[in-house]
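Each residue of the sequence shown is one higher than the one before, counting from 0 in our numbering. Here a beta-carbon is modelled for each residue, glycine too, at the ideal position from N, C-alpha and C.
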Amino acid sequence: MAEPAVVFREIPCADGKKIAHATLNAEQSLNSLSLEMVDLLAAEADKWERDDSIVCILLDGAGDKALAAGGDIRMLYESMVESGEGYNAYATDFFSREYRFNYRMHNFPKPIIVWGNGVVMGGGMGLLEGGDFRVVTESTRIAMPEVTIGLLPDVGGTWFLNQARGNSGLFLALTGAQINATDALYANLADVFVPHGEKATVLDGLAAIIWSDQVDQNRSQIEALLNGLQEQHRELLPPGQLEGHMGWIEEVTAGDSLEQVVAAITAYDGDDKWLSRAVATLKSGCPASVYLSYELNRRGRDLPLNECLQLELNGTVNCAKRGVFREGVRALIIEKDNKPSFEPATLAELSAELREQYLTWPWPDRPHPLADLGV
Numbered sequence: 000m001a002e003p004a005v006v007f008r009e010i011p012c013a014d015g016k017k018i019a020h021a022t023l024n025a026e027q028s029l030n031s032l033s034l035e036m037v038d039l040l041a042a043e044a045d046k047w048e049r050d051d052s053i054v055c056i057l058l059d060g061a062g063d064k065a066l067a068a069g070g071d072i073r074m075l076y077e078s079m080v081e082s083g084e085g086y087n088a089y090a091t092d093f094f095s096r097e098y099r100f101n102y103r104m105h106n107f108p109k110p111i112i113v114w115g116n117g118v119v120m121g122g123g124m125g126l127l128e129g130g131d132f133r134v135v136t137e138s139t140r141i142a143m144p145e146v147t148i149g150l151l152p153d154v155g156g157t158w159f160l161n162q163a164r165g166n167s168g169l170f171l172a173l174t175g176a177q178i179n180a181t182d183a184l185y186a187n188l189a190d191v192f193v194p195h196g197e198k199a200t201v202l203d204g205l206a207a208i209i210w211s212d213q214v215d216q217n218r219s220q221i222e223a224l225l226n227g228l229q230e231q232h233r234e235l236l237p238p239g240q241l242e243g244h245m246g247w248i249e250e251v252t253a254g255d256s257l258e259q260v261v262a263a264i265t266a267y268d269g270d271d272k273w274l275s276r277a278v279a280t281l282k283s284g285c286p287a288s289v290y291l292s293y294e295l296n297r298r299g300r301d302l303p304l305n306e307c308l309q310l311e312l313n314g315t316v317n318c319a320k321r322g323v324f325r326e327g328v329r330a331l332i333i334e335k336d337n338k339p340s341f342e343p344a345t346l347a348e349l350s351a352e353l354r355e356q357y358l359t360w361p362w363p364d365r366p367h368p369l370a371d372l373g374v
């Protein structure tokens, strides 16, 4: 019998209330998010919301290596090969249902703790950022690396990367740079540090709480529990990269156009390994993805989350339709030749008309799947 894609359990509390515990269960693929996982989580969320005995949700990933390393790319790749430039029902369903669940998390009426241990990338970041309590650990590795595979920083990245400190969100989007727990706390992409080995302590602590009918009071009790553990283990926080590089990041992202920002970042020729890797990723990234990363970050400054997700869906289905996402996945994940041939091959060749088309719903005869989001 196949293992369930998500394992759900309920933890009884001292006062008769319950903690809902959901574990993404695809350890071999670093818990990469499948459509089945998204649908299971969405259905369970309906139950959590209706059940008055459920007071809090904890979401984590199976094993010790990852919350989630992104989306289930292989199924998406097969759907793109099959559909070409035509309507791709699977990709449209996958992204729209994933984004709908992201929105649900951000607006869920009960506190959600997301355990961001190990690899937290792409779709995993969408889950982490949807939590009320975004926990990072000593092994957390966060990134939005979509620029490498012909996609865009989605799952709400248009919104949450704009909440990051200064222009750090734009830099992370353009370069796919990896950051750790210390960086995530500094950038406002995480709330609290708790060592991974203390997860059982957190669950025991939650079970011992005398819960209130007031959600704000419950949030305060969760916050006190997590902050207490952070204070006990603060010395385990790893050295970060962002804070020390923030002056440079602000300087190179201050340009008035995408071309100015890219030129400033790629002009770096120093010997800092973290910066050099980030710059190399931008240089080899998909030009359409570089444009989308910048433009969505620019537009997202003044947009609510639902409109950000609607725009992201336009972008992701166009990346699938126009072949850049398929080519990026082929080169980096399927055939692994690491030589993607993106079209257009440079930003200069990406016309104003094509740039606008990338963010426009490509099938006017079909309703936008997220048109009702937030309505």
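Short CB-CB distance (under 9 Å) between residue i and chain C
{"i": "A189", "result": "No chain C is part of this structure, which consists of one protein chain only."}
DSSP three-state assignment for residue i, whether helix, strand or coil
{"i": "H20", "result": "strand"}
{"i": "L127", "result": "helix"}
{"i": "G122", "result": "helix"}
{"i": "I332", "result": "helix"}
{"i": "C307", "result": "helix"}
{"i": "V54", "result": "strand"}
{"i": "D153", "result": "coil"}
{"i": "A180", "result": "helix"}
{"i": "A370", "result": "coil"}
{"i": "A142", "result": "strand"}
{"i": "V193", "result": "coil"}
{"i": "L160", "result": "coil"}
9 Å Cβ cutoff met for residue i and residue j
{"i": "E35", "j": "F7", "result": "no"}
{"i": "E26", "j": "G83", "result": "no"}
{"i": "N116", "j": "A65", "result": "yes"}
{"i": "R96", "j": "L372", "result": "no"}
{"i": "P110", "j": "I221", "result": "yes"}
{"i": "L40", "j": "V5", "result": "yes"}
{"i": "H105", "j": "L236", "result": "no"}
{"i": "A266", "j": "P343", "result": "no"}
{"i": "V37", "j": "F93", "result": "yes"}
{"i": "L369", "j": "S292", "result": "no"}
{"i": "V201", "j": "L228", "result": "yes"}
{"i": "T359", "j": "N296", "result": "no"}
{"i": "N101", "j": "G129", "result": "yes"}
{"i": "N30", "j": "A68", "result": "yes"}
{"i": "G125", "j": "D153", "result": "yes"}
{"i": "G60", "j": "S33", "result": "no"}
Span of the alpha helix (DSSP H) around residue i
{"i": "F170", "result": "S167 to T174"}
{"i": "A4", "result": "Run containing A4: none; DSSP gives neither H nor E here."}
{"i": "E348", "result": "Neither: E348 is in no alpha helix (DSSP H) and is coded neither H nor E."}
{"i": "L205", "result": "K198 to A207"}
{"i": "K46", "result": "L34 to R49"}
Handout entry: Sufficient close CB pairs (3 or more, under 8 Å) joining the stretch 146-154 to the stretch 281-291
Key = In short, these stretches touch, since the Cβ pair count reaches three.
Problem - Contact the stretch 244-261 vs the stretch 170-180: 3+ CB pairs below 8 Å - result: These segments touch.
Problem - Validate contact between the stretch 206-218 and the stretch 157-167 using beta carbons, cut 8 Å, 3 pairs - result: Here the stretch 206-218 does not lie against the stretch 157-167, with fewer than 3 beta-carbon pairs under 8 Å apart.
Exercise for the section: Return the chain-ordered ranges of every alpha helix (DSSP H) run that is complete within the stretch 214-292 and spans a minimum of 4 residues. Expected result: Entirely contained in the stretch 214-292, the alpha helix (DSSP H) runs reaching 4 residues are, in chain order, 214-232, 241-251, 257-265 and 272-283.
Exercise for the section: Output the residue ranges of the beta strand (DSSP E) runs that lie fully inside the stretch 61-140 and measure 3 residues or longer, sorted by chain position. Expected result: Counting whole runs of 3 or more residues, the stretch 61-140 contains the beta strand (DSSP E) stretches 65-67, 111-115, 118-120 and 132-135.
Handout entry: Meets three-Cβ-pair contact criterion under 8 Å: the stretch 325-345 and the stretch 304-315
Key = Judged by Cβ distances under 8 Å, the stretch 325-345 makes no contact with the stretch 304-315, as fewer than three pairs qualify.
Exercise for the section: Please confirm if the stretch 117-126 is in contact with the stretch 162-169, defined as three or more CB-CB distances below 8 Å between the two stretches. Expected result: Contact between the stretch 117-126 and the stretch 162-169 is absent, because fewer than three Cβ pairs lie under 8 Å.
Exercise for the section: Tell me, please, whether the stretch 12-24 touches the stretch 69-80 by the rule of three or more beta-carbon pairs shorter than 8 Å. Expected result: Contact annotation: the stretch 12-24 does not touch the stretch 69-80, with fewer than three C-beta pairs closer than 8 Å.
Handout entry: Touch test, the stretch 123-134 against the stretch 182-192, Cβ-Cβ under 8 Å, three pairs minimum
Key = Yes, the stretch 123-134 touches the stretch 182-192.
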